[in-house]
Structures are given as structure tokens and as C-alpha cells.
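Trainee: Protein chains in written order, with the numbering used here: chain A, 18 to 261; chain B, 9 to 490.
Think of the CB as a built atom: it goes at the ideal place given N, C-alpha and C, for glycine as much as any other residue.
Take a look at the structure:
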């Protein structure tokens, strides 16, 4: 197997008395679509946030593309700019139009000239099917549209990996499909993705590997079909019996 | 009608403001030899001794006398308006070379400044309402209520009356109004001014003869012997030449009425008020940002001083802040390096500091109200903390706080009137000048209030415009789910 794009080793993270992660190791190859599932509070979101270092691990290391980003002196801003993240609650910037939301980071963090940044933003909005809503304020977009703008915003930085943190959980059911459709396209384009989700159908269809987490540890790993259809661990079975 | 003179037999400031002024002033320096041109401080609101003419120029008996004296002494005099309580501190600080303001020569004052020979004999008199028969002299005032101008010799005399309640006002005019309103039984004040007031207003009369003998003198800094000699020499010549008698005939016996100022006199005050407001607001808006960021800093060496700054500044009365800066440490320090702190930087600094504490807290609340997910999203895109602040957090914080900032701005506009304690000729000060012309108090202050109201209404419009502009299409700052 080739060198993994992302290598997480022994990562632990505590919040006061709560041990959110208790020594998690995970490798994700380039082009892989890794799905993280598990009960609420199991640490899957924290693990995702440790990848782009929104959470700094108390122990362990994170390597991306051979560079240890948890090392002292690592350029976190550069690292984050290459790691796209989409949040459950969109977090679009409400004082900017859709286009400005997408163009901001290319212009400010990457230093592209204004015109070029907007051009790229337009292309990204087109990619998520929202070219016609470029001038709209976030508050005037549906939840599904907002989340697609958020995906376009992350893609505009040309990330090596995309992190999705329960991106459909805050959406009305009829809006979920349009976001999943965009993610499917993205997966088909070869993007490396780590997806925290409860959408098991989507996970089975798009995921190449699946990890089941519980109580701050990875309990079981395998292909989605293996984990979902033939779980080896009791805890996995118990969880799946509740969600499927 | 004329403003009312009270003998400024004023005593060194002792109550509140006065005491503060003295403390803040510290000890004065020595200006060395008298310059060819001298600056003279006076409170131009005490006719017929000193007042403003219709154009706002300073005039009156004292003023014309000092001009004549200076001329005899080979000097030219220019006058600086300064509230009475601040006159001696200002003199000690070198803001001017001499002070003339119907100031009685007292032993207390002579400890901190030097006086020329007396140039006018005055005494304290008692004024009562027409029809008051129970008061014939000082002893009848026991247990009664006496209205005075603060820190005058009249004030001191009233304090010595056993069992009397003393109400001290910032100028003499309201003291007379208090008497007329029946809330005071008597006014104790200098003879010439009281005489003038009683002459011009019905219902007030003077009881008996002056019960003190006082002399007004011109004050100079301790140790400025050259100027003192030249002024005394000039005074002798003015006395012997007959000029003094002519001035007295004109200003005191002739009672040259204080010219009534036209309403237009208030207008330049609006300019000063707006200038003070704009300068102070700019300082406060910028400094407030640093205060807010300091308070939110994870670094203790930034956070703790910022918190202490807010706590201290919020707790100190604005008036004290102004006096500290204009007369106290800041002014002293600057004087040490040869800079005289002018009224504008001093007031802008005082207002700016005071409001930066409040506005800083307002900003902080505005920043805290921004969903932390906003900064996270920005950081996740690779923006640095500073970039996230600049492009994502602060623009939303500003929009959050615009209504509160509007409040602060309006409040500041009105608070600029406090600059009148350091004689800034802003709107309130000019109102006070006009109100000093007798019974126009209500009328004048109502017009002043209307002008402030007009300005604040204008500000409200600007604020609404800004809110609309920054609001954009985003009705909800945090469009979470829908």
C-alpha cells in the first residue's frame, strides 16, 4: 500500500475530565472516502477536528502528506487551508453574499487578486449548482443551498482532503439529497474525504472504508459492507441495531 | 439685564471641585521675567467686573483696568476665559501670567500666589426678598438658608453663620434665582455685583451695609517679582492719572449694562461641541477596540491591564478625569518637556479615555455575541486569527453593537458640555454666558437643549443609515437552520 495521505497516531484529547479521544490511530489513503460512524459523544467529531487541528491533540501526532502538522512550529494556517471542512451548521459568513463567502479565503489567506478570487468562487458555486445564487445573502438561501455554498467555500482553497462533520444533520429531510448529490460528485472526482455521518445509505454507496467509534476509540474498521452487514464487535451491532 | 456680580472675593477653592483643582495643580513654576505680552486669566461671567460683550470679546472693569495698567507698564495684555475655581491652578501651571477676576486678596490665596496692591474696595452684603422683614443683619441668618456662589468670600461668610444651611451654586445667578424662588432666605455676595443685581431685578433688596472690608487684587505666580513690580507701578500710575476713576465711573457707577448677546452667540458653540465630539469619538472608537481585544486576549499581561483600565476609568467621574488631565499629571508631565497642554487635546483625551472604557465593553459584548463557529469556519479555511477577526468576527460585531454605539455617541455629545469647566467655549458654556445675563436662564437653556436635541436627532439618522448599510440582506446574524 502506498504511503497514506493522512496518518493519525495515538491521538488523545481530553476536555477537563472527559476523555473524548483515548489514543486513536487512523490512516487514510489518497482518494479514499473514509466514513466515521458511532454514537453521539463517541469522539468522531473531535477526531475530525484533530485532523485540521481545530482541536489540538493532547497526545499523539497527525501527519498529512508526510508532514507532521502536530509538530511544534508547523504552519497551521497553511495546513488548514489545504484541509477543507464543512460543518453541521454551515457557518456561512452572514455579512457576505454567497460569492463573497467563497472568495474570501482565496483572496485573504491565499492572496489571490480580487478578480481571480471571484472568478474561482463563481466556478466553485457553479460546481455545486448555485451559480445563479452568487449574489444572494446566506439568510435568503435554504439550508441545503447554504450547505452547498459552504462546500464550495471549502473547495475554493483546493484542499487535499475534505472533512464533513454531520453536514446533513441540521437539514430538513427534503433538503438532504441535494447536499449528498454534491458530495457524491465530489467523491467521483477523486477527492479524499473523511465523512462523519448518520446517512448509512450514503455511507454504503460512497464510502470505501468505514470506522466505527465508541467511547473515544475506534472499535472496528472495514469496508462499509463489512461493518454494516457483518459487524464483528458487540458494540457495533448494538449501535447499528438502533440506527438501521 | 446684567449678570450678577458677586465679589469674587472668592476664597481658594475648598469644596469638591476647588479642592480637586488645587490638588491637581500641584505647585506652580516660575515664569521668570515678565514678557512683553502677558496673558491674563479671568472668569468672564461676573459683570460689571468681567463679562463677554455681544461679540464674545472679554470686557468689564477689571479687564479694562488691566489693559490700562499693562499699557502703563509697557506690556500688552490678552485675556483668557477660565472658570473661577480653575483660575489659580491655571495661573500656577503657566496657562497665563496673571489672573484678575474680582478676586479678593486673602491670606489663604496669598500662600499660593502673589497679589498686587488692592485695586478695588469691596465688601459682602446680604440680599433678601422684598417684604422680608426678619433679616436685618448677619445674626438674623442663624438657622436660615443662605444661597451663595461656591468658594467666594460670601460662601465663607455664610459658612460661619451658626446653624445656617448653605446652598452653594456654581455661579451667582442661580443663587439669586434660588432666593427669588423662596428656597433660600438670603444671598451673601459682593457689594457691587449684588447692588447691580438688586437694581435690575424687582423683588430683591440689600439689607444694611457691607459687613466686611475686602480688596480685589491681581494675582501672579509666586516668585514672578518682575511682573508684580511692573503691575504695581502701572496700577499706581493708573490711579494717579485719573484713569481708575474714569473706569469706575463708567463700569460701576454708570453700570454699563452687560450687553445682551444675540442668539447667534450660541452658534459657534455648536461648532466647538461637534469638534470635541468628533475628536473624542474617534479616539474612543479606536482605543475601545484595543481595550476590547485586550480584555479578550489569552495573554494575562494584556488582559489584566485592560481589565484594570476599564474598572478604573469607568469608576472615575468624567469631570475629575478632565481636571486631572488639564490641570494635573498629564499637563504637568507635558510642561516638563516644554509643551503646554491645550484645551482641545486635553478634552479629547479625557472624553476619549472615558468613553473608550465603555465602548470597549460594548465591543466586547458585540464580539462575544458572534457565534464562535464563525471564527472556527474562518480558521478552518486557513485564515489567521487576525484575518478571521478582521474579515469575519469584527464586521459582525460592529453590526451587533451599532445600536449601543449610537447610544454612546449621543451620550458623549451631551457630555462634551463638561468641557466648560476648562473654559472650552462649546455650546453649554456659551449658554451659560448668555444665561448669566440675568433672568434668561430658563429661556437660554431651553434653546440650548433644543440645539442639542437637533444634533442628536441628526446623529440618530446617521446611525439608522449605517445600520441599514451594514445590515445588508442578512436579517439574521446567525442563520443556523431554517
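Between residue 167 of chain A and chain B, is there a C-beta pair that is closer than 9 angstroms?
Mentor: With 9 angstroms as the cut-off, residue 167 of chain A counts as an interface residue toward chain B.
Trainee: Looking at the structure shown, is residue 40 of chain A part of a helix, part of a strand, or coil, going by DSSP?
Mentor: Strand at residue 40 of chain A.
Trainee: Under the three-state reduction of DSSP, which class applies to residue 8 of chain A: helix, strand or coil?
Mentor: This structure gives no information on residue 8 of chain A, because the portion of chain A shown stretches from 18 to 261.
Trainee: Pair every Cβ in the region 61-72 of chain A with every Cβ in the region 171-181 of chain A, then say whether three or more of these pairs are closer than 8 angstroms.
Mentor: Touching, yes.
Trainee: Would residue 100 of chain A pass as an interface residue toward chain B - the criterion being a Cβ-Cβ separation below 9 angstroms?
Mentor: Yes, contact with chain B.
Trainee: Considering only residues of the same chain and omitting the five flanking positions on each side of residue 359 of chain B, which have a CB-CB separation below 6 angstroms?
Mentor: If we look at residue 359 of chain B and ignore the five residues flanking it on each side, its Cβ neighbours are 288.
Trainee: Determine the DSSP secondary structure at residue 90 of chain B, reduced to helix, strand or coil.
Mentor: In the structure shown, residue 90 of chain B sits in coil (DSSP, three-state: anything other than H, G, I, E or B).
Trainee: Please tell me whether residue 106 of chain A has its Cβ less than 9 angstroms away from any Cβ of chain B.
Mentor: Cβ-Cβ to chain B under 9 angstroms: yes for residue 106 of chain A.
Trainee: Based on DSSP bridge pairs, tell me the residues matched to residue 122 of chain B.
Mentor: Per DSSP, B/228.
Trainee: Check residue 54 of chain B in the structure and name its three-state DSSP category.
Mentor: Strand.
Trainee: Whose Cβ in chain B lies nearer than 7 angstroms to the Cβ of residue 184 of chain A?
Mentor: Simply none; closest approach about 13 angstroms.
Trainee: For residue 385 of chain B, go through chain A and note every residue whose CB falls closer than 7 angstroms to its CB, in chain order.
Mentor: In chain order: 104 and 108.
Trainee: Let me know if residue 173 of chain B comes out buried or exposed under the rule of 16 or more other beta-carbons within 10 Å of its beta-carbon.
Mentor: When all chains shown are included, residue 173 of chain B counts as exposed.
Trainee: Can you list, in chain order, the residues of its chain whose CB lies under 6 angstroms from that of residue 119 of chain B, leaving out five sequence neighbours each side?
Mentor: Correct list: empty, nothing qualifies.
Trainee: Quick one: complete beta strand (DSSP E) runs, 3+ long, within the region 51-92 of chain A?
Mentor: Correct list: 76-81.
Trainee: One question on the structure: do residue 196 of chain B and residue 143 of chain B come within less than 9 angstroms of each other, judged by their Cβ atoms?
Mentor: Contact flag unset, no.
Trainee: Would you call residue 142 of chain A buried or exposed, if buried means 16 or more other Cβ atoms sit within 10 Å of its Cβ?
Mentor: Buried is the call here.
Trainee: Consider the Cβ of residue 31 of chain A: report whether some Cβ of chain B lies at a distance smaller than 9 angstroms.
Mentor: Not an interface residue.
Trainee: If you measure beta-carbon to beta-carbon, which residues of the region 388-410 of chain B are closer than 7 angstroms to chain A?
Mentor: Correct list: 388, 389, 390, 391, 392, 395, 399, 400, 403, 404 and 407.
Trainee: Mind listing the chain A neighbours of residue 374 of chain B? Cutoff is C-beta to C-beta under 7 angstroms, in chain order.
Mentor: In chain order: nothing, as chain A lies at least about 13 angstroms away.
Trainee: Alpha carbon to alpha carbon, how far is residue 441 of chain B from residue 74 of chain B? Give it in angstroms, no decimals.
Mentor: Rounded to whole angstroms, residue 74 of chain B to residue 441 of chain B spans 22 angstroms at the Cα level.
Trainee: With a threshold of 9 angstroms between beta carbons, is residue 181 of chain B in contact with chain A?
Mentor: Chain A, which has no Cβ nearer than 9 angstroms to the Cβ of residue 181 of chain B, makes this no.
Trainee: Threshold first: 4 residues or longer. Then list the alpha helix (DSSP H) segments lying entirely within the region 284-332 of chain B, N to C.
Mentor: Those alpha helix (DSSP H) runs which fall completely within the region 284-332 of chain B and span 4+ residues are 308-323.
Trainee: In or out: residue 370 of chain B buried (at least 16 other Cβ within 10 Å) or exposed?
Mentor: Buried, because 16 or more other Cβ atoms sit within 10 Å of the Cβ of residue 370 of chain B.
Trainee: Should residue 224 of chain B and residue 88 of chain B be called a contact, given that it needs their Cβ atoms to be closer than 9 angstroms?
Mentor: Not a contact, by the Cβ cut-off of 9 angstroms.
Trainee: Buried or exposed, going by whether 16 or more other CB atoms sit within 10 Å of the CB of residue 151 of chain B?
Mentor: The residue is exposed, with fewer than 16 neighbouring Cβ atoms inside 10 Å.
Trainee: If we define contact as Cβ-Cβ less than 9 angstroms, is residue 478 of chain B a contact residue for chain A?
Mentor: It does; some Cβ of chain A falls within 9 angstroms.
Trainee: Helix, strand or coil for residue 109 of chain B? Go by DSSP, reduced to three states.
Mentor: Note: residue 109 of chain B maps to coil in three-state DSSP.
Trainee: Within 9 angstroms of any Cβ in chain B, is that where the Cβ of residue 236 of chain A sits?
Mentor: So no, residue 236 of chain A is outside the interface.
Trainee: Please decide whether residue 215 of chain A counts as near chain B, where near means a Cβ-Cβ distance under 9 angstroms.
Mentor: False, the Cβ-Cβ gap to chain B never drops below 9 angstroms.
Trainee: Specify whether the region 384-397 of chain B and the region 426-433 of chain B touch according to this definition: at least 3 beta carbon pairs, one from each stretch, less than 8 angstroms apart.
Mentor: Touching, no, given that fewer than three Cβ pairs across the two stretches are closer than 8 angstroms.
Trainee: Which two residues bound the contiguous alpha helix (DSSP H) that contains residue 355 of chain B?
Mentor: Element bounds for residue 355 of chain B: 351-376.
Trainee: Span of the alpha helix (DSSP H) holding residue 168 of chain A?
Mentor: Here the alpha helix (DSSP H) through residue 168 of chain A covers 160-172.
Trainee: List in chain order: all unbroken alpha helix (DSSP H) runs of 4+ residues lying wholly within the region 388-457 of chain B.
Mentor: Runs of the alpha helix (DSSP H) inside the region 388-457 of chain B: 393-396, 402-423 and 435-443.
Trainee: Contact criterion: CB-CB distance below 9 angstroms. Does residue 101 of chain B meet it with respect to chain A?
Mentor: No, residue 101 of chain B does not count as interfacial toward chain A.
Trainee: Would a C-beta distance cut-off of 9 angstroms place residue 106 of chain B and residue 49 of chain B closer than the cut-off?
Mentor: Going by C-beta atoms, residue 106 of chain B is nearer than 9 angstroms to residue 49 of chain B.
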